[in-house]
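One structure is given here, and the rest of the page talks about it.
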Ligand code: CP
């Protein structure tokens, strides 16, 4: 479906946002339209106070720049308040159960909970026990808010999504997983080039194939041929820092000027950041005219505000 032919209702059925696989294409469009509206209002200085009197918990199990800052400032811009809870400063770090933590947080008056650095089982448990919206700010298998923001950024830059080709080069990690689901649900074509043993999980690829075509290859040139967007992420994700073998295998998957020249002439370069220039991408590409990575990072603010507003409208 063409996003430009979709009429938004600015409503979501869901009360949690754990993975893109849980959202329909229409729900993804709702979030993208809401992000566009948030950005327009922000740019003209229009105040929106839909979170007035509400407090959002940010329970983070790993470090963050973009996710944390875009949520903290986004919540303030919507008139709300937040509590930042580093996981290692809570009793979770001493073995308190997710069930007990989740059951109690809503009772103190939190209106939503953003979790970062939890596994899928823990996310499900938080969502099942908490009577407030639970949002996945990154897990080992997915990064839904990042990819929603990326889809919004592509729409903003290219004027549409349908039939565009995105080539992801590198490690088949949580970002690659969410790109597979997000792109196919928006009728984009996606190609993933990863070295043998580092492709995205079979279960994710099979899930994505229910919605659209996916090319999985070990050839960078095959993946980027005719691509409208070339995307990469760090070779080594958080918690994987000692994986030297993986780094060596990924050496040939660096996005260079030569790689970009195999894509369409007007192809965009995307990266969810943080960037390691000289590893997964050359500085020439990351800082070059095709790069839109700062726009992606900026749009996290508007997308997070959109997600909070739509999710918190519903009673759980
Ligand atoms: N892309 C992303 O999630 O950035 P942070 O790790 O800085 O939050």
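In our numbering, the protein residues as written are 1494 to 1809. Even for Gly, the Cβ is constructed at its ideal location relative to N, Cα and C.
Distance, residue j Cα to residue i Cα
{"i": "residue 1647", "j": "residue 1587", "result": "42 Å"}
{"i": "residue 1570", "j": "residue 1689", "result": "45 Å"}
{"i": "residue 1727", "j": "residue 1773", "result": "6 Å"}
{"i": "residue 1637", "j": "residue 1589", "result": "27 Å"}
{"i": "residue 1529", "j": "residue 1795", "result": "7 Å"}
{"i": "residue 1542", "j": "residue 1574", "result": "11 Å"}
{"i": "residue 1667", "j": "residue 1710", "result": "18 Å"}
{"i": "residue 1723", "j": "residue 1658", "result": "9 Å"}
{"i": "residue 1700", "j": "residue 1531", "result": "31 Å"}
{"i": "residue 1823", "j": "residue 1502", "result": "A query on residue 1823 cannot be resolved here, the shown segment of the chain reaching from 1494 to 1809 and no further."}
{"i": "residue 1533", "j": "residue 1742", "result": "43 Å"}
{"i": "residue 1536", "j": "residue 1566", "result": "15 Å"}
{"i": "residue 1720", "j": "residue 1656", "result": "11 Å"}
{"i": "residue 1559", "j": "residue 1793", "result": "7 Å"}
{"i": "residue 1806", "j": "residue 1730", "result": "34 Å"}
{"i": "residue 1698", "j": "residue 1660", "result": "14 Å"}
{"i": "residue 1771", "j": "residue 1780", "result": "12 Å"}
{"i": "residue 1597", "j": "residue 1694", "result": "34 Å"}
{"i": "residue 1607", "j": "residue 1778", "result": "33 Å"}
{"i": "residue 1754", "j": "residue 1617", "result": "43 Å"}
{"i": "residue 1643", "j": "residue 1678", "result": "14 Å"}
{"i": "residue 1692", "j": "residue 1641", "result": "21 Å"}
{"i": "residue 1702", "j": "residue 1750", "result": "30 Å"}
{"i": "residue 1649", "j": "residue 1584", "result": "42 Å"}
{"i": "residue 1614", "j": "residue 1809", "result": "20 Å"}
{"i": "residue 1645", "j": "residue 1497", "result": "12 Å"}
{"i": "residue 1766", "j": "residue 1799", "result": "21 Å"}
{"i": "residue 1579", "j": "residue 1757", "result": "43 Å"}
{"i": "residue 1619", "j": "residue 1782", "result": "42 Å"}
Cβ distance (whole Å) where residue i is taken to contact residue j below 8 Å
{"i": "residue 1653", "j": "residue 1495", "result": "7 Å"}
{"i": "residue 1604", "j": "residue 1549", "result": "6 Å"}
{"i": "residue 1850", "j": "residue 1612", "result": "Nothing in the structure corresponds to residue 1850, since the chain is present only between 1494 and 1809."}
{"i": "residue 1797", "j": "residue 1564", "result": "5 Å"}
{"i": "residue 1568", "j": "residue 1801", "result": "7 Å"}
{"i": "residue 1510", "j": "residue 1804", "result": "6 Å"}
{"i": "residue 1716", "j": "residue 1673", "result": "With a Cβ gap of about 13 Å, residue 1716 and residue 1673 do not count as contacting."}
{"i": "residue 1687", "j": "residue 1639", "result": "Contact flag wrong, Cβ pair sits at about 18 Å."}
{"i": "residue 1631", "j": "residue 1599", "result": "Actually they are not in contact, since the Cβ atoms of residue 1631 and residue 1599 sit about 22 Å apart, beyond 8 Å."}
{"i": "residue 1595", "j": "residue 1623", "result": "5 Å"}
{"i": "residue 1662", "j": "residue 1591", "result": "Incorrect: roughly 35 Å between the Cβ atoms, too far for contact."}
{"i": "residue 1635", "j": "residue 1513", "result": "7 Å"}
{"i": "residue 1499", "j": "residue 1520", "result": "Rounded, the Cβ-Cβ distance is 11 Å, inconsistent with contact."}
Exposure of residue i, with buried meaning 16 or more beta-carbon neighbours within 10 Å
{"i": "residue 1776", "result": "exposed"}
{"i": "residue 1601", "result": "exposed"}
{"i": "residue 1725", "result": "buried"}
{"i": "residue 1823", "result": "A query on residue 1823 cannot be resolved here, the shown segment of the chain reaching from 1494 to 1809 and no further."}
{"i": "residue 1759", "result": "exposed"}
{"i": "residue 1508", "result": "buried"}
{"i": "residue 1706", "result": "exposed"}
{"i": "residue 1523", "result": "buried"}
{"i": "residue 1746", "result": "buried"}
{"i": "residue 1546", "result": "exposed"}
{"i": "residue 1562", "result": "exposed"}
{"i": "residue 1609", "result": "buried"}
{"i": "residue 1789", "result": "buried"}
{"i": "residue 1682", "result": "buried"}
{"i": "residue 1538", "result": "exposed"}
{"i": "residue 1526", "result": "buried"}
{"i": "residue 1540", "result": "exposed"}
{"i": "residue 1629", "result": "buried"}
Chain C contact for residue i (CB, 9 Å cutoff)
{"i": "residue 1605", "result": "Absent here is chain C; the protein component of the structure consists of one chain."}
Continuous beta strand (DSSP E) assignments of at least 3 residues falling wholly in the stretch 1642 to 1722: Whole beta strand (DSSP E) segments, 3+ residues: 1658 to 1662, 1682 to 1686 and 1707 to 1710.
Unbroken stretches of the beta strand (DSSP E), 3 residues or longer, contained in the stretch 1511 to 1593: For the stretch 1511 to 1593, whole beta strand (DSSP E) runs of length 3 or above, ordered along the chain, are 1548 to 1553 and 1574 to 1579.
Completely contained alpha helix (DSSP H) runs for the stretch 1726 to 1767, where each covers 4 or more residues: Counting only runs that start and end inside the stretch 1726 to 1767, the alpha helix (DSSP H) elements of at least 4 residues fall at 1737 to 1743 and 1750 to 1755.
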